[in-house]
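Before any comments, here is the structure.
Residue numbers (the numbering used here): 334 to 462.
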């Protein structure tokens with residue numbers, strides 16, 4: 334595996350975002366009302382690349398999806414603010430924004446949901462954090 338540790342990346346995003354945006358951060362969870370505002374961090378894809386002739390992977394290209402949930406009258410504006418903070422954090426680690434952050438449909442009309450997708454190439458031996 335070429336230089337990317339998902340658990341290490343998630344732990345970093347979680348600690349930095351909880352400090353910067355004053356929200357709950359988790360992964361692969363749809364939040365309950367008591368947890369809002371909430372940011373779900375998901376590894377959507379992690380394709381390899383730059384293989385050598387022996388089949389060793391030379392790089393990885395993780396795609397991380399950050400979904401922000403907020404409720405209340407100011408849910409959309411709060412989601413937007415947290416999403417922008419998340420975007421700045423991801424950019425500081427070299428992850429380019431591939432989509433969003435943008436308002437998305439929500440199963441609950443009282444809960445705002447915004448989604449941003451971030452991706453970058455991480456090479457074998459790359460110090461990205």
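Beta carbons: idealized from backbone N, C-alpha and C, even for Gly.
Going by Cα to Cα distance, which pick from the options is closest to residue i?
i, options, result
"residue 372", "396, 432, 406, 418", "418"
"residue 378", "441, 440, 450", "450"
"residue 415", "438, 431, 392, 347", "347"
"residue 349", "361, 391, 424", "424"
"residue 365", "428, 434, 440, 460", "440"
"residue 355", "397, 411, 433, 435", "411"
Since residue i contacts residue j with CB under 8 Å, what's their CB separation in whole angstroms?
i, j, result
"residue 395", "residue 422", "That belief does not hold up - the Cβ atoms of residue 395 and residue 422 are roughly 15 Å apart, past 8 Å."
"residue 392", "residue 408", "So it is not a contact: roughly 38 Å between Cβ atoms."
Have a look at residue i and residue j and give me their C-alpha separation to the nearest angstrom.
i, j, result
"residue 340", "residue 406", "34 Å"
"residue 343", "residue 387", "30 Å"
"residue 385", "residue 458", "15 Å"
"residue 367", "residue 357", "10 Å"
"residue 389", "residue 383", "8 Å"
Taking 7 Å as the cut-off, is the C-beta of residue i nearer than that to any heavy atom in the ligand FAD?
i, result
"residue 435", "The ligand FAD is absent from the structure shown, which contains no ligand whatsoever."
If I measure Cβ to Cβ from residue i and keep anything under 6 Å in the same chain, skipping five residues before and after, which residues do I get?
i, result
"residue 444", "402, 404"
"residue 437", "446, 448"
"residue 431", "450, 452"
If I measure Cβ to Cβ from residue i and keep anything under 7 Å in the same chain, skipping five residues before and after, which residues do I get?
i, result
"residue 456", "335, 336, 391, 392"
May I have a chain-ordered list of the beta strand (DSSP E) segments no shorter than 3 residues that lie completely inside the segment 367 to 436? Runs of beta strand (DSSP E) with 3 or more residues, each lying fully within the segment 367 to 436, are found at 371 to 382, 392 to 404, listed in chain order.
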